[in-house]
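Convert by adding 3 to the 1-based position in the sequence shown; the result is the number in the working numbering. Note sheet for the following structure.
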Amino acid sequence: MKDIIINILRIFTKLLKYALITVIGLFFISVILLSGTIRDFRAAYLSGLEGKNQLTEAFAQLKSGNYEEALRNSQLANLNFNASLERLNSVQNNIFVKKISLFRTQVNYLEYLFKTTEILSSSLERSIPLVKQLEEISGGKVGNSFANLDNQNKSKFLQLLYESGPEINGLKANLKLALFNIDKIHKISILWPVYGQISEYKTQLQEVSFLLEKISSLIQVLPTLSGYPVEKEFLILLQNNDELRPTGGFIGVFGLAHVKNGNIISLKTSDSYHLDMPAVNKWQKEPPAPLKKYLEVENWYLRDANWVPDWPLAAQKINEIYTGESLAIGQAAPNFAGIIAVNPDFVGGLLNLVGPIKASGEEYNAHNFQELLQYNVEVAYKDRDISSWDRKEIINELLEELKTRLFNLSSNQWVDLAKVITEAIERKDLQMYFFDSTLEELVKNIGAAGEMKQTDSDYLMVVDANLAAFKSDAVVKKKIDYNLSQRNNKTTATLTLNYRHEGDFDWRTTRYRSYTRVYLPYGSRLITSSGLDKNKADWSSTDDQLLNKTVFAFFFTVEPGTEKEISLSYSLPESINQQMTAGTYNLLVQKQSGRRTQELTVTISPEKGGVKNWVTDLWTDKFFQ
């Protein structure tokens, strides 16, 4: 939090410099044109200069940890900026300024710049007490880690986060207001000589605002994730997207985490088969038809439980199956506060932050983590005289060291950790579900809920499910091409899916076998298709009322060293055709968690107007209009 405040302060002290230069320029213009405003411009300049000096001093005091002086100087700076604004207001009320539009407009631009500095200095004044409390909890040690806090201070830290919502929301609102004022400044104005610098600092301010927006909701969820104020238990699922499944990947490992007041009381991972195998002949639940057909299973087990691509619905089903299997084998029913899904790329991001980790004599880093771990639990364990039942114990060794490294991160690195988390959330490598509806709403606010979104316009989500194709998603390159055309007052779409298999037949990869579902606006209807073997495609088209989507589903295979292209042409609901005509059309393309889509091409061709074309990736959800 302190680093964020300092970045904000650095930005607007630079803005002040340009504001004061402009005041001087307007002062000389007023000498020539409007001598009656000289006094007000001079007073505005002097107040602004004094405020800038006080703000510079507040900046120095904040960095050195002298919070009382930092607060006092920020308060004085705020008073001076308000005084400058009052003087500018007097200039604006001058009858000659009112009548001379050009002069009045330039004064307005200057006012927007001063308003920005006043808003930000006010934010600093409001934030210093919070930063001070955080520093006091850490024992006044710059760069202290969470692990070094005693239990009492851990609880205080989490309580402060738990109660800091109003202050953080106020800071967010002020940043938005500051950006709103900067946006009013035109390039062609008296500020033109410094407009490039103003734009640069505006971009920096936008980045700080975006980061704070993400971190603020994360901060509100963090106490619960840390077991404050009540001890919590979470089910953690490790999804392997090299064996892609609807919510991210095959559930090869699950973990149980007990947390209390910032301490992880226990964290133990297990092979999913450790729950599933004992439940054979004791647990009965009919699996979805594709799982039954292509995996040849008679029951629905935890390892395959993430069949619905909507994470909240999938998490509820996972909880049902986990609970059912647990009871069936004589274990107590769990009482999870939430279920968290983690993909390997998130672990890679954490390793990139904390550095490589050694386990069983080998070094795991951000680049080799997924493949090396797969090799050790699928092949190498046999040469090490490790049983198949215990082959995934190495994950606990890795996890223990990763936990220690994360808890020992310097507080100076907490913003970097937040960036790793927010990027994982954006890419859907980290998804959370809370059974408490208030917390679940917070999770949605930070984009970590993994829900399939509702939209009144066009929509597309392609969901692959690797069924008995080993870890072949690691070597299958995927592209999506979406072409929308309006002709004769009818709107049709052509979706082309490209799969290029760059692997071979070995321990890790084989022919690619996917049961793929394409989610579209409710009421879409197939016109033609190509690229599918009609005898083996297992084609279906259904209207899913719960998700409010029409779903095209089919099965296909891709041999190693070959490429497959599947094309679907379909009509869209009349409401979308009307939006195309009215110019209000937009398209949301959602990413399937864990799916590596190297290229997404979107082409929109309305009956009237120009063609729009985009070529991008699909590492995150994309919106087009």
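Just so you know, even glycine gets a beta-carbon here, dropped at the ideal spot from N, CA and C. Because the structure is a prediction, the values reported are computed rather than measured.
Taking the beta carbon of residue i as the centre, do at least 16 other beta carbons fall within 10 Å, making it buried, or is it exposed?
i, result
"residue 232", "exposed"
"residue 68", "exposed"
"residue 89", "exposed"
"residue 628", "exposed"
"residue 564", "exposed"
"residue 616", "exposed"
"residue 549", "exposed"
"residue 310", "buried"
"residue 386", "exposed"
"residue 546", "exposed"
"residue 246", "buried"
"residue 539", "exposed"
Tell me whether residue i sits in a helix, a strand or coil according to DSSP, three-state version.
i, result
"residue 504", "strand"
"residue 632", "Look at the range of the chain in this structure, 4 to 628, and you will see that residue 632 is not part of it."
"residue 153", "coil"
"residue 435", "strand"
"residue 344", "strand"
"residue 258", "strand"
"residue 107", "helix"
"residue 565", "coil"
"residue 36", "In this predicted model, residue 36 has a pLDDT of only 47, less than 50, meaning its place in the structure is not dependable enough to derive any value."
"residue 31", "In this prediction, residue 31 scores a pLDDT of 47, lower than 50, which makes its location untrustworthy; the coordinate-derived value is nonetheless stated afterwards. Here residue 31 sits in helix by DSSP."
"residue 610", "coil"
"residue 48", "helix"
"residue 454", "coil"
"residue 234", "coil"
"residue 559", "strand"
"residue 616", "strand"
"residue 41", "helix"
"residue 533", "strand"
"residue 483", "strand"
"residue 382", "coil"
"residue 53", "helix"
"residue 309", "coil"
"residue 301", "coil"
"residue 122", "helix"
"residue 475", "helix"
Whole angstroms is fine: what's the gap from residue i's alpha carbon to residue j's?
i, j, result
"residue 488", "residue 581", "13 Å"
"residue 466", "residue 328", "27 Å"
"residue 35", "residue 107", "Bear in mind that the predicted position of residue 35 carries a pLDDT of just 40, short of 50, making it too unreliable to give a figure here."
"residue 464", "residue 431", "14 Å"
"residue 536", "residue 595", "24 Å"
"residue 404", "residue 352", "15 Å"
"residue 625", "residue 348", "20 Å"
"residue 591", "residue 515", "28 Å"
"residue 262", "residue 224", "14 Å"
"residue 511", "residue 479", "12 Å"
"residue 520", "residue 252", "15 Å"
"residue 31", "residue 45", "Because the pLDDT of residue 31 is 47, which lies under 50, any placement of that residue in the model is unreliable, and the question is left without a value."
"residue 612", "residue 586", "9 Å"
"residue 50", "residue 241", "58 Å"
"residue 544", "residue 570", "15 Å"
"residue 132", "residue 217", "22 Å"
"residue 162", "residue 531", "59 Å"
"residue 41", "residue 444", "54 Å"
"residue 229", "residue 169", "21 Å"
"residue 471", "residue 275", "16 Å"
"residue 574", "residue 500", "17 Å"
"residue 236", "residue 340", "6 Å"
"residue 289", "residue 380", "29 Å"
"residue 257", "residue 456", "27 Å"
"residue 602", "residue 428", "20 Å"
Measuring CA to CA, which of the options is closest to residue i?
i, options, result
"residue 283", "459, 263 and 324", "324"
"residue 139", "160, 125, 128 and 124", "160"
"residue 244", "615, 424, 559 and 345", "345"
"residue 557", "469, 408 and 179", "469"
"residue 529", "462, 259 and 572", "572"
"residue 593", "249, 491 and 381", "249"
"residue 496", "355, 70, 461 and 300", "461"
Taking only beta-carbon atoms, is residue i less than 8 Å away from chain B?
i, result
"residue 254", "Looking at the structure shown, chain B is missing, and only one protein chain is on hand."
Enumerated in chain order, which unbroken segments of the beta strand (DSSP E) with a length of 3 residues or greater are wholly contained in the stretch 240-295?
-> For the stretch 240-295, whole beta strand (DSSP E) runs of length 3 or above, ordered along the chain, are 253-263 and 266-274.
Which whole runs of the alpha helix (DSSP H) in the stretch 367-412 are 4 residues long or more, in chain order?
-> Entirely contained in the stretch 367-412, the alpha helix (DSSP H) runs reaching 4 residues are, in chain order, 372-381 and 397-410.
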